[in-house]
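Student:
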Amino acid sequence: MSSREDILGRVRRQLGRTAENAASGRAAMERHIAARAPGPRGILGNDLVGRFREKSAALSSSVEDIADLAQVPAAIARYLDSHGLPPQAVCWPRFAALDWQAAGLRVESRPARGTDLVGISGCFCALAETGTLMLCSGVDTPAALSLLPETHIAIVPAARVVAGMEEAWTLLRRESGELPRAVNFISGPSRTGDIEQTIVLGAHGPYRVHILIVASQ
Amino acid sequence: MQVRSMHFKARAGEKLADAKLQVNLGRSKSKFVDKRAHAILDLEDFEATREAARQLRDLTLKDLDLWLERFEQEATRRGATVLWARDGAEVCQLVIDIGRRHGVSKVTKSKSMLSEEAGLNQALEAAGIQPVETDLGEYILQINDNEPPSHIIAPVFHKSKEDVSALFARTHHLPPKTDIQELTREAREVLRPHFLSAEMGISGGNFLVAETGSVALVTNEGNGRMVTTMPGVHVVITGIEKVIPTLEDLATLMRLLPRSATGQSISNYFSLLTGTARSGETDGPAHMYFILVDGGRAAMVGGEFAEMLRCIRCGACMNHCPVYQAVGGHAYGWVYPGPMGSVLTPLFAGMENAIDLPHAATLCNQCGVVCPVKIPLPDLLRRLREKQVERHLRPWSERLALNIWSWVAQRPAWYALATKFGVRYLNWLAGGQASIPVLGLAPEWTRGRDFPAPEGKTFRELYAARRAPRREASR
């Protein structure tokens, strides 16, 4: 007997599975999935962007508000300069057309490599509840770019800040139907507390996460 | 992993006498407790969320076969291969087969307790495939001759930074560092090339989502993302009990897991992985495998220990356990320590191999109170103790003593006589003192405490004496 049949057979015996209770069990399963009922949760109020800003900062991300996308290159140049970081970065293809040169930056749109120091990404949306970025992998939104470089800069349109994970799933189902290979929720720089339960920022992923909230696009 | 739980008592004694370990345990024990207490405050209704989590874990467990079939169907539809393993040996064989099929010489691993159960690292090495643990704690253990973890989410809970420094200096041949930040940086630099060169990544799975055929992965360091993004092959090894219904249910459970584990409102990274890389994607694995493991779980379904299958492996029970805090995780002798381990080890590894563990608890119910999925851990421990008695696994002296007690306790006259002699004997033993320092018949009981001396008469005698005058007065 295959391991699969053996294991499932054992589970079925334990549960006293019959053809009738399998049919009713399946019907209950489909009902639960179709309902997609959210669990108990608090009410966040109206200022989602304010909450997102506050929670992100609590997770050790830095946050800056800018008026529109055209201001992104100058804001990033200022950030890199103030942190003594080189004026070079890789970015998602959708930001390739921004005027990086005018801000004195050399930004390439290509897959990230282990040696890249700065990665510039967008996001699918952001969660106000916890100050979290939600990124979906894809041809034009590679996952490694927010992971390999020591500094991750994320561009977040204010209109894409949603209350919590439930709203993010609803948005994803509505806009793309099928799930991407990877949905990555990012909540601040990578960290570890493994040695003496002392929190250190910058484990295997970025040391710094900088978030640019764009008011209009 | 070999089971060494038979020696809990002896090992616990050693651990209590280990001054260095006691310093290391003392340094960290309150951190998780305080952080969790703080973190649950910002949930509007923590208890309601806990109850919802309990219900939705029970929902899949009571129809586990159906939910597993649904998960398998959805995962397969999205390009993943779903495999099944009866035990650790099958896990190792499946992983080695996958490795050979894809010409793998090196594997990067994110934390997986199932791989500890299976002893996967040793099996991979024997098969000529190099396993590299990438969780900082697990990496530290691997370079220390595959030392077992002492905590399910903080594997080197028992070590000091000086211990880590010495290990790094020995392994990396670099100048020794003592600053925790520098030690972490050193591990990052040593492990980064492995992330980029390994052909296969292995991870555990915090949850399997039936609706979408996805695995949800909770990490802080980013190593979980690395091993599931960079290599061409990703293998998920997880227990069959981890399946949950929908993405909405995942959101509910994620409000509890990081808060209960490390006291974070959300873990740094939380990834939902579904199927293989889409055409044109520059990263992500081309091959994705799930290995769903039984390892003693199927036999618990629908039975008197089924509630234990709700466990989401947060570690809150051990963080709050006075026994764990005093002896650390190694004394428990297998993969899972603390209260959840004392329930799981006898059930997974054999009741006769873990006689002491159900007794390694004061039944104070701290664990039951903090458990995010409301597992009644003390009840389950008590039930395991009953099983030991039923199966005649207790020592003959204990069985004899209990049999005598039960015979006497069912015969009031004998009971009165036995207790009458008993208190007088103890009173004589105390010799006028308020307590008895050493009990001849139970020397272990008085090793760490004194036995209070009785007054000289039994409760029944005193009661009868008090009632007698009153009865006369009422006449």
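Residue numbers (our numbering), protein chains in the order written: chain A, -8 to 208; chain B, 628 to 1102.
The C-beta atom is built at its ideal place from N, Cα and C for all residues, glycine as well.
1. Mind listing the chain A neighbours of residue 908 (chain B)? Cutoff is C-beta to C-beta under 8 Å, in chain order.
2. Within the same chain, show all residues whose beta-carbon is closer than 7 Å to that of residue 739 (chain B), passing over the 5 residues directly before and after it, in chain order.
3. Could you say if the segment 814 to 828 of chain B and the segment 927 to 945 of chain B meet the contact criterion of at least three C-beta pairs nearer than 8 Å?
4. Between the Cα of residue 188 (chain A) and those of B:686, B:1084, B:659 and B:667, spot the shortest distance and give me the residue it belongs to.
5. Answer with buried or exposed for residue 890 (chain B), where buried requires no fewer than 16 other C-beta atoms within 10 angstroms of its C-beta.
6. Could you check whether residue 711 (chain B) and residue -5 (chain A) sit closer than 8 Å to each other, using their CB atoms as the reference points?
7. I'd like to check one pair, residue 1004 (chain B) with residue 995 (chain B): are the Cβ atoms closer than 8 Å?
8. For residue 103 (chain A), name the three-state secondary structure that DSSP assigns.
9. Spatial neighbours of residue 96 (chain A) within its chain, please: CB distance less than 8 Å, with the 5 preceding and 5 following residues excluded, ordered by chain position.
10. Tell me whether residue 23 (chain A) is buried or exposed, calling it buried when 16 or more other Cβ atoms sit within 10 Å of its Cβ.
11. If you reduce the DSSP assignment to three classes, tell me which class residue 866 (chain B) lands in.
12. Check for me: the beta strand (DSSP E) holding residue 628 (chain B) runs from which residue to which?
13. List the whole-angstrom C-beta distance separating residue 869 (chain B) from residue 835 (chain B), where the pair is believed to meet the contact cut-off of C-beta under 8 Å.
14. I need the straight-line Cα distance from residue 1077 (chain B) to residue 630 (chain B), nearest angstrom please.
15. Could you have a look at residue 1016 (chain B) and say whether DSSP puts it in helix, strand or coil?
16. Quick one: grab the DSSP three-state call for residue 779 (chain B).
17. When burial is assigned at 16 or more other CB atoms within 10 Å of the CB, is residue -8 (chain A) buried or exposed?
18. Between the Cα of residue 177 (chain A) and those of A:4, A:17, A:119 and A:9, spot the shortest distance and give me the residue it belongs to.
19. With a threshold of 8 Å between beta carbons, is residue 842 (chain B) in contact with chain A?
20. Starting from the Cα of residue 143 (chain A), find the closest Cα among A:113, A:156 and A:158 and give me that residue.
21. For the segment 936 to 956 of chain B and the segment 752 to 769 of chain B, state whether three or more C-beta atom pairs, one from each stretch, are separated by less than 8 Å.
22. Run through chain B and tell me which residues come within less than 9 Å of residue 28 (chain A), C-beta to C-beta.
23. Among B:1065, B:1046 and B:1080, whose alpha-carbon lies nearest the alpha-carbon of residue 1088 (chain B)?
24. Based on the DSSP secondary-structure assignment, which residues constitute the bridge partners of residue 123 (chain A)?
25. Mind checking residue 1052 (chain B): buried by the 16 CB within 10 Å criterion, or exposed?
26. Can you tell me the Cβ-Cβ gap for residue 812 (chain B) and residue 138 (chain A), rounded? I've got them flagged as a contact below 8 Å.
27. To be precise: take each residue of the segment 3 to 29 of chain A, compare its Cβ to all Cβ atoms of chain B, and keep it if any distance is under 8 Å. Which residues remain?
28. So, are the CB atoms of residue 27 (chain A) and residue 873 (chain B) less than 8 Å apart?
29. Let me confirm a value: residue 707 (chain B) is counted as buried when at least 16 other C-beta atoms fall within 10 Å, else exposed. Which label applies?
30. Using only the alpha-carbon positions, how far apart do residue 122 (chain A) and residue 54 (chain A) sit?
31. Is it the case that the CB of residue 117 (chain A) approaches a heavy atom of the ligand MN more closely than 7 Å?
32. Around the Cβ of residue 858 (chain B), are there at least 16 other Cβ atoms within 10 angstroms (buried) or fewer (exposed)?
33. For the beta strand (DSSP E) that contains residue 206 (chain A), what are its first and last residues?
34. Should the segment 757 to 766 of chain B be regarded as contacting the segment 887 to 901 of chain B, the criterion being three or more beta carbon pairs within less than 8 Å?
35. Count the other C-beta atoms from every protein chain shown that fall within 10 angstroms of the C-beta of residue 800 (chain B), then say buried if there are 16 or more, exposed otherwise.
Tutor: Taking the definition as stated:
1. Residues of chain A passing the Cβ test: 128, 129, 130, 133 and 172.
2. Excluding its 5 nearest sequence neighbours in each direction, residue 739 (chain B) has C-beta neighbours in its own chain below 7 Å: 829, 830, 831 and 864, listed in chain order.
3. The answer is no - the segment 927 to 945 of chain B does not touch the segment 814 to 828 of chain B, with fewer than three Cβ pairs under 8 Å.
4. Comparing Cα positions, the closest option is B:659.
5. So residue 890 (chain B) ends up on the buried side.
6. Yes; because the gap between Cβ atoms is below 8 Å, this pair is in contact.
7. Result yes, Cβ atoms of residue 995 (chain B) and residue 1004 (chain B) sit closer than 8 Å.
8. Residue 103 (chain A) falls in the coil class under three-state DSSP.
9. Excluding positions up to five away in sequence, the list reads 64, 67, 68, 71, 78, 79 and 80.
10. Taking a 10 Å sphere around the C-beta of residue 23 (chain A), we find 16 or more other C-beta atoms and assign the residue as buried.
11. Residue 866 (chain B) falls in the strand class under three-state DSSP.
12. Where residue 628 (chain B) is concerned, there is no enclosing beta strand (DSSP E), given that its DSSP letter is neither H nor E.
13. Contact between residue 869 (chain B) and residue 835 (chain B) is confirmed by a C-beta separation of about 5 Å, below the 8 Å threshold.
14. C-alpha separation (whole angstroms): 35 Å.
15. For residue 1016 (chain B), the secondary structure class from DSSP, reduced to helix, strand or coil, is helix.
16. When secondary structure is reduced to three states using DSSP, residue 779 (chain B) falls in the coil class, being assigned neither helix nor strand.
17. Burial state of residue -8 (chain A) is exposed, judged by a 10 Å Cβ sphere holding fewer than 16 other Cβ atoms.
18. Closest by alpha carbon: A:119.
19. Closer than 8 Å: no.
20. For the residues A:113, A:156 and A:158, the minimum Cα distance to residue 143 (chain A) belongs to A:113.
21. At 8 Å Cβ cutoff, the stretches do not touch.
22. Those within 9 Å of residue 28 (chain A) in chain B are 873, 875 and 876.
23. Minimum Cα distance to residue 1088 (chain B) is reached at B:1046.
24. Residue 123 (chain A) is bridged to A:118.
25. Taking all protein chains in view, the Cβ of residue 1052 (chain B) is surrounded by fewer than 16 other Cβ atoms within 10 Å, so the residue is classified as exposed.
26. Their Cβ separation, rounded to whole angstroms, is 17 Å, which puts residue 812 (chain B) and residue 138 (chain A) out of contact at 8 Å.
27. Listed by position along the chain: 3, 5, 6, 7, 8, 13, 16, 17, 19, 20, 23, 24, 27, 28 and 29.
28. A contact, by the Cβ cut-off of 8 Å.
29. Under this definition residue 707 (chain B) is a buried residue.
30. In this structure, the CA atom of residue 122 (chain A) is about 11 Å from the CA atom of residue 54 (chain A).
31. Within the structure as shown, the ligand MN is missing, as the structure has no ligands at all.
32. Looking at its Cβ environment, which holds 16 or more other Cβ atoms inside 10 Å, residue 858 (chain B) is buried.
33. Annotation: the continuous beta strand (DSSP E) that includes residue 206 (chain A) extends over 199 to 207.
34. In short, these stretches do not touch, since the Cβ pair count stays below three.
35. With fewer than 16 other Cβ atoms within 10 Å, it is exposed.
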